[in-house]
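J.:
Residue numbers (the working numbering), protein chains in the order written: chain A, 32 to 200; chain B, 32 to 200.
Here is the structure:
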């Protein structure tokens, strides 16, 4: 069970965030080549009341860090989420990969049964065991934001394919 | 390990496909209310060389069935993928839920170590153990298509939110 909880989180986050970093590099190169103001991509939205691309990347990273930390019983780090440029977003992914890379299977011992409380003390407070938290909440949320970042760039003409999204596996 | 492989697949597919079916129902109601030709939604694309919405739903269902069957060592069923209308797409989800609902934890015994071969006999042939296949390939693919279907409908003004995407959990 320990192995499964670790295998279902850290390596998955690493794979997908690695893919996302490569996608952002392609998007930046695309903008340079076509003389596109990078904010046309970093601030792109699929609908006016949806988050822009840069925020999708930040939230994906936030879930990767938060889910990993909670499962490991570690403190969830607070990041400022001030990133605007592609370089800053890639740096954010690097920092996030560095943070989650600090966890190994040993820290995930007992993670499946660990009680996780999200939004504690608020009306939206929810309690999960670790396995449910990861599979029913953390992974769906993480994949949502990675895919939406991809969809936003693809929608705006960046030449990427599902292979880029899938990362190295 | 058995429990983990089952828990990381069938219930996740059920949760997300349930959410997707509810999203499709909202999209259909939205089209009726606004007098929108439903094909404006079912055939919507985020970019000309991406698959349309209806195909995203079909592929999501295809991964749910294929991944479940392969992990259980069962035959992957062939579906015709002829669905065009919202009703047909919801029916497809129902059939898919029926199919994957036929698997229990017992069928997933040994699934983590089972050898899975995708696109056998082609230049794209790949071999995985079951755990890697599920976590590095099956889940990322499945979430990609569910999220893209959601993004397409959201982009086209259907009033849905991430809560709809998340389904019941």
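The beta-carbon is built from N, C-alpha and C at its ideal position, and this holds for glycine as well. Here the structure is a predicted model, which is why all the values come from computation and not from measurement.
Between which two residues does the beta strand (DSSP E) containing residue 159 of chain B stretch?
T.: Its beta strand (DSSP E) spans residues 157-160.
J.: Please list the partners that residue 37 of chain A has in chain C, where partner means a Cβ-to-Cβ separation under 7 Å.
T.: The structure shown contains no chain C; its protein chains are A and B.
J.: Taking all protein chains shown into account, do 16 or more other C-beta atoms lie within 10 angstroms of the C-beta of residue 144 of chain B, making it buried, or fewer, making it exposed?
T.: It is exposed - the Cβ of residue 144 of chain B has fewer than 16 other Cβ atoms within 10 Å.
J.: At 4 residues or longer, what runs of the alpha helix (DSSP H) sit wholly inside the stretch 44-89 of chain B?
T.: Taking only runs of at least 4 residues, the alpha helix (DSSP H) segments lying wholly in the stretch 44-89 of chain B are 70-73.
J.: Return the Cβ separation of residue 179 of chain A and residue 89 of chain A in integer angstroms, given the expectation that the two are a contact with Cβ distance under 8 Å.
T.: No, residue 179 of chain A and residue 89 of chain A are not in contact; Cβ-Cβ is about 12 Å, not under 8 Å.
J.: Using a Cβ-Cβ distance under 8 Å, would residue 186 of chain A count as near chain B?
T.: So yes, residue 186 of chain A belongs to the interface.
J.: Note down the Cα distance separating residue 51 of chain A from residue 148 of chain B, rounded to an integer number of angstroms.
T.: If I take the Cα positions, the gap works out to 26 Å.
J.: I'd like to know whether the C-beta of residue 78 of chain A is nearer than 8 Å to at least one C-beta of chain B.
T.: Closer than 8 Å to some Cβ of chain B, the Cβ of residue 78 of chain A qualifies, so yes.
J.: Counting only beta-carbon atoms, is residue 84 of chain B nearer than 8 Å to chain A?
T.: No, residue 84 of chain B lies away from the interface with chain A (no Cβ there is under 8 Å from its Cβ).
J.: Once the 5 residues before and after residue 185 of chain A are set aside, which same chain residues still bring their CB inside 8 Å of it?
T.: Excluding residues within five positions, the ones whose Cβ falls inside 8 Å are 191.
J.: With 16 other CB atoms within 10 Å as the buried threshold, where does residue 96 of chain A fall?
T.: With 16 or more Cβ atoms within 10 Å of its Cβ, residue 96 of chain A is classed as buried.
J.: Whole angstroms is fine: what's the gap from residue 133 of chain B's alpha carbon to residue 54 of chain A's?
T.: In a straight line, the C-alpha of residue 133 of chain B is about 38 Å away from that of residue 54 of chain A.
J.: Consult DSSP for residue 163 of chain A and reduce its assignment to one of helix, strand or coil.
T.: Helix.
J.: For a cutoff of 8 Å on Cβ pairs, would you count residue 48 of chain B as touching chain A?
T.: With 8 Å as the cut-off, residue 48 of chain B does not count as an interface residue toward chain A.
J.: Among A:167, A:195, A:183, which has the Cα closest to the Cα of residue 40 of chain A?
T.: The shortest C-alpha separation from residue 40 of chain A is found at A:167.
J.: Which residues mark the beginning and the end of the alpha helix (DSSP H) in which residue 149 of chain A is found?
T.: Careful: residue 149 of chain A lies outside any alpha helix (DSSP H), inside the beta strand (DSSP E) at 146-149.
J.: Spatial neighbours of residue 67 of chain A within its chain, please: C-beta separation below 8 Å, excluding the five flanking residues on both sides.
T.: Result list for residue 67 of chain A: 61, in chain order.
J.: Shortest alpha-carbon distance to residue 65 of chain B belongs to which of B:189, B:161, B:136?
T.: Closest by alpha carbon: B:189.
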